[in-house]
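Below you'll find the structure, written out as structure tokens, and then a few comments.
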């Protein structure tokens, strides 16, 4: 039993160490968010362009400690051995709601500095990040291949720009922090705008 636990511990340490080798943190940005970016282990600048996954966290991960963006979401999954053959961009809000323009500026920077397949940009977010995801999709719909918004909503009132973007909106009916009606409103707005 002890030997099995030791092997599991050693395996998990190896996974975390190999993950750390391809995770870069950038802070001190003046015009955009601080962020972490994950590069697959086989990533090289001269290789083929890769999809970009943008993860917008919820309010609980806001602040100035950039390591917090690894607590849940894609970076957390990667720490536990999940393989993602894409670049993963995880910005950190200092507490304010996500601003689509600032997210877009960060995506532009990533495209300029890494090999990104601009036809495969995916935005996902939870809670405040769910709001940020739908606000981004509604502001820059042609930029997004698909998006997932978990337990969020939107500050936008025009749903017509979202109707052609593949969306997966996930929300629990017992959510005490963000009412499920916020997601229902988005769904109804998209349907009313001619979406499916």
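In this note's numbering, the protein residues as written are 900 to 1095.
Yeah, the Cβ is synthetic: ideal placement off N, Cα and C, and Gly gets one too.
This one's a predicted model, so the numbers in the text were calculated from it and none came from an experiment.
For residue i, three-class secondary structure by DSSP
| i | result |
| --- | --- |
| residue 1039 | coil |
| residue 983 | coil |
| residue 1129 | With the chain represented from 900 up to 1095, any question about residue 1129 goes unanswered, as that position is not in the structure. |
| residue 1004 | helix |
| residue 1019 | strand |
| residue 993 | coil |
Straight-line Cα distance separating residue j from residue i
| i | j | result |
| --- | --- | --- |
| residue 1041 | residue 1002 | 15 Å |
| residue 959 | residue 943 | 34 Å |
| residue 973 | residue 1080 | 26 Å |
| residue 1093 | residue 1057 | 12 Å |
| residue 1173 | residue 1059 | Outside the modelled stretch of the chain, which goes from 900 to 1095, sits residue 1173, for which no answer is possible. |
| residue 1071 | residue 1046 | 18 Å |
CB of residue i within 8 Å of CB of residue j, strictly
| i | j | result |
| --- | --- | --- |
| residue 988 | residue 953 | yes |
| residue 990 | residue 937 | no |
| residue 955 | residue 985 | no |
| residue 975 | residue 932 | no |
Residues that residue i bridges to, as DSSP identifies them
| i | result |
| --- | --- |
| residue 923 | 936 |
> Are three or more beta carbon pairs between the stretch 1046-1058 and the stretch 1008-1018 nearer than 8 Å?
Replying inline: Contact between the stretch 1046-1058 and the stretch 1008-1018 is absent, because fewer than three Cβ pairs lie under 8 Å.
>> Using 8 Å as the cut-off, can you tell me whether the stretch 968-982 makes contact with the stretch 995-1009, which would need three or more C-beta pairs spanning the two stretches below that distance?
In response: No, the stretch 968-982 is not in contact with the stretch 995-1009.
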